[in-house]
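I have placed the structure first, in the form of structure tokens, so that the comments after it can refer back to it.
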Ligand SMILES: [Fe+2]
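Numbering (our numbering), first residue to last: 1 to 199.
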């Protein structure tokens, strides 16, 4: 089953700056994603994206909201439309006249699946965070104290063990990290710090 989107232009440039409120995005998520675990994944990626925009990119409120929305909605269609994953949420956001940056970011969150290259920092970071967020969470869940005391080196050790969270592609993680200007260690630490309190 190919998830290739077959295009690399998304949304209408005339809609630049047109976002939805975070409440609206949560309402969409609650309606589209009954699976609580999957919703948590998106909330975690959203929290990490927002924090990165503010702390590392000096983003203003509007820009930080763009990063957060992309994180929150990137897998919104995955549960109900696994065969059309990404296409359905993109079309919905295009229908709602949402800022093309948000839509492109979602479209490029898995370049090896959707065939859309991440072309700016927001795109590159969602790819890296998407891969690592779930992995870090899995590494936390197997510990009695969960995130408390979770160290980067123990996540790195899990990455080297192919049987742990085997569905997470190590190749995609390496590919995603290589596209950023940051090390795997730095990004894992950031993910741990910013998703640990998300519920
Ligand atoms: Fe995801």
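Quick reminder that beta carbons are idealized off the backbone N, C-alpha and C, glycines included.
Taking every protein chain shown into account, the CB of residue 43 has 16 or more other CB atoms within 10 angstroms, so this residue is buried.
Here the alpha carbons of residue 80 and residue 133 stand approximately 22 Å from one another. Annotated three-state conformation of residue 32 is helix, per DSSP.
Secondary structure note for residue 5: it is in no alpha helix (DSSP H), with a DSSP letter that is neither H nor E. At a cut-off of 7 Å, the beta-carbon of residue 74 counts as near ligand 1: some heavy atom of the ligand is closer than that. For residue 137, the shortest separation between its Cβ and any heavy atom of ligand 1 does not lie below 7 Å. For the set 93, 85, 33, 113, the Cα lying nearest the Cα of residue 16 is the one of 93. Secondary structure of residue 189 (DSSP, three-state): helix.
Relative to ligand 1, even the nearest heavy atom lies 7 Å or more away from the CB of residue 175.
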